[in-house]
Structure formats: structure tokens, C-alpha cells
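Below is one structure, written out as C-alpha cells, with a few remarks after it.
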Amino acid sequence: MWKTRSKLLFTAGALISGFALIQMGMYAGQHVFGWKLNYNVFQICRSLLQHYGIGYMVDALSGLVFVTFAIAGGEAVRQCMATRAAFRRLHRMRDLSLTEALGERYRELGIDRIWVIDYAKPAAFTMGLWKPRIVLSSALLSVLDKHEEEAVIYHEAYHMKHYDPLKTWLLQVCAKQLFYLPVLRHITNHYKTAREILADNEAIHRAGSPVGIGSALLKLLSMTPANTRLVNSAACSSFAETSINYRISRILDPQQEPVIQMPWRSIMFSSYVLVMLTLMFALALI
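Quick note on numbering: the sequence shown equals residues 172 to 457 in our numbering.
Written out as C-alpha cells, the structure is:
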């Protein structure tokens, strides 16, 4: 169920974002590169605005398109720089003996895919867009027993295997640049929760019991979390950052299902925007 929900959320976010961004790309291509494209939502908007004598809105429309791509480009550059800087910092903080020991113990995860850093606060996350790595702090490992350690590593291995930092970051960027489609923000939040639940399920399956993951979450909940400056703004999937209380209660009661409050205002507003764009696109076919 959670796997299906996760796929539906990501697909919905990708389709909604893709529709708007493709139309914007066509519009920008027509005005920057001189492409001859007759069936484009934003070009239709421009023509309608000029036809009804509100041409000043044309500049606003063009501004919206180019600001959207500026945000996307800026976020991509910023994320690449932040990830590179975070990896350099974490590389200097590595505890080589613990890193080597865990790498040998979990060699099936791949070479150099687990880093243990010398850090005084508990931290467990998966970071990296193209080659994600699992990062654990020495402080966390010092308070976890063998079963809890396995659960945390298998949880993060799920994020690493499925490139969750990259997927989540893509949805977050789309939600930020397409701010006039607020439903994307809700899709992103629910997607993050779904990925954490699936990672918990993987840890339970690999460990054979929910005890390890449950007690690890409880320990992290009672400890002072790691400083966010540890990775700055680099994209990562953190073990104890998302929906931790619900995840604990779900482990205690596996039959529990979340009561999802539908963001009806956001859905209606986003639907209205998409319908209006679709109708204007259809005008070109008449």
C-alpha cells in the first residue's frame, strides 16, 4: 500500500510539474530562440492579454516564466555546491577505523557507501544526488546496540538504493518554483512520509523484527539532534527528521493507518490554475 502511495504521489507531482514546465519551456523557446510553436499555453495567454488590452500583464507573464527557470537553475547550482561542500566537510570528519569496520560488516551495500563521522551528536542520514552515501555519527553508534544499528543502516540503505535524496529534492524544487500550485507542497510532504515508512518497513523486513527500528527511533527522540549546519542545505534523507512520532506509533500498532487531511483549498486552487491553462491550450485547437 505504501509503495503504491509513494509511486502515485511522485507521479502526480511529476505530471503536474511537468505539464507547467514543458509549457513554460516552449514559451521561453519561442521568444528566446524563435521557435515556431502555435500550441502553447503561455503564448495563448500572451495573445489573449494583448487582445483584451491588458498588455502590461504580458511582461508579468514573461517574468513569471523566466523567474521560474531562474529559480530552477539557481536551486540546481546551489544544491550541487552545497552537496559538494558537505561531502568535503564530512570527509574530513570521518572516523576511519569505524568507517572501515562498518564497511566490512555491510559490504553488500557497496564500497565506500557508509561513512562514520566523529561527531558529538546523534546523526543518521543518506546524502548525495547521484552517488548517495550513508552517514552515521560516532555518538549515535555509541548508544545503539547491534539490532538497532542494523535497523538504522538498513533503513538508510533503502534511501540510498532508491535515490530518495534526489527524488525528494526534485519535488521540493518543483514545489518552490511553481509556488502558485500549492498542492505540490502537500504532495512533497506526504511523499517524504511515505518514503520513511517504506524505509522503516525495509529495516523491519531485513532485521526480522520491529524492535530494533522502534527502539532506535525512541533513543533518537530523547537525544539532542544534530545541528542542521552539519550538511547545510544539501539534500539528504534523515533517519529521524520526518514524521517520527507517527512512525513510532505505527511500529507499536502496525494496523494503524494515518488520517490524511486533504488540503482541499490547495487542491481546488491548483486545479483551477491547471484547468484554466488547459482551456487556454485547447483554444489553439479550435
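Note that beta-carbon positions come from the ideal geometry of N, C-alpha and C, so glycine has one too.
Please read all numbers here as calculations on a predicted model, not as lab measurements.
Whole-angstrom distance between residue j and residue i, CA atom to CA atom
| i | j | result |
| --- | --- | --- |
| Leu315 | Leu269 | 14 Å |
| Trp173 | Leu261 | 32 Å |
| Ser420 | Tyr325 | 20 Å |
| Ala243 | Ala291 | 35 Å |
| Ser313 | Asp289 | 11 Å |
| Ser409 | Phe350 | 25 Å |
| Asn360 | Leu273 | 32 Å |
| Ala455 | Gly245 | Here Ala455 scores only 37 on pLDDT, less than 50, and its place in the model should not be relied on; the value that follows carries that caveat. In a straight line, the C-alpha of Ala455 is about 33 Å away from that of Gly245. |
| Phe452 | Gln194 | Per-residue confidence for Phe452 stands at a pLDDT of 42, beneath the threshold of 50, marking its modelled position as unreliable; the derived number appears in the next sentence. The alpha-carbon atoms of Phe452 and Gln194 are separated by roughly 9 Å. |
| Trp286 | Met439 | 45 Å |
| Ile457 | Gly196 | Only weak support is given to the placement of Ile457: the predicted model assigns it a pLDDT of 41, under 50, and the question is left unresolved by the model. |
| Arg278 | Glu271 | 10 Å |
| Lys332 | Met298 | 12 Å |
| Gln250 | Thr175 | 29 Å |
| Pro336 | Arg263 | 22 Å |
| Ala247 | Val344 | 9 Å |
| Leu235 | Asp266 | 47 Å |
| Pro293 | Ser233 | 47 Å |
| Lys338 | Ala411 | 18 Å |
| Arg276 | Arg377 | 15 Å |
| Tyr334 | Ile282 | 17 Å |
One or two residues paired with residue i in a DSSP bridge
| i | result |
| --- | --- |
| Arg265 | Ile288 |
| Leu307 | Val287, Ala295 |
Residue i in three-state terms, based on DSSP
| i | result |
| --- | --- |
| Leu349 | coil |
| Ser408 | strand |
| Thr196 | Going by the sequence as given, residue 196 is Gly instead of Thr. In the structure shown, Gly196 sits in a helix (DSSP, three-state: H, G or I). |
| Lys302 | coil |
| Val402 | coil |
| Ile457 | Because the pLDDT of Ile457 is 41, which lies under 50, any placement of that residue in the model is unreliable, and the question is left without a value. |
| Leu315 | coil |
| Phe452 | Residue placement at Phe452 is flagged as unreliable, the pLDDT there being 42, under the threshold of 50; the coordinate-derived value follows with that caveat. Helix, per DSSP. |
| Arg418 | helix |
| His357 | helix |
Check whether residue i and residue j have beta carbons under 8 Å apart
| i | j | result |
| --- | --- | --- |
| Arg255 | Arg284 | no |
| Ala374 | Ala322 | yes |
| Ala191 | Leu352 | yes |
| Leu369 | Ile358 | no |
| Leu307 | Ala295 | yes |
| Ala199 | Phe237 | yes |
| Tyr362 | Ser177 | yes |
| Ala406 | Trp340 | yes |
| Ala310 | Val402 | no |
| Leu389 | Arg418 | no |
| Gly385 | Ile422 | yes |
| Ala253 | Ser404 | yes |
| Val382 | His330 | no |
Closest by C-alpha distance to residue i, when choosing among the options
| i | options | result |
| --- | --- | --- |
| His179 | Gly385, Asn372, Leu355, Ile415 | What sits at residue 179 in the sequence shown is Leu, not His. With distances taken between Cα atoms, Leu179 lies closest to Leu355. |
| Ser441 | Ala346, Leu392, Asn416 | Ala346 |
| Ala328 | Asp371, Lys338, Gln348, Lys317 | Asp371 |
| Leu391 | Ile415, Arg377, Pro381 | Ile415 |
| Gln348 | Ala411, Thr239, Tyr334, Arg276 | Thr239 |
Closer than 8 Å to chain C by CB, residue i
| i | result |
| --- | --- |
| Thr297 | In the structure shown, chain C cannot be found, because there is only a single protein chain. |
Any non-hydrogen atom of the ligand GTP within 7 Å of residue i CB
| i | result |
| --- | --- |
| Leu273 | The ligand GTP is not part of the structure shown, which contains no ligands of any sort. |
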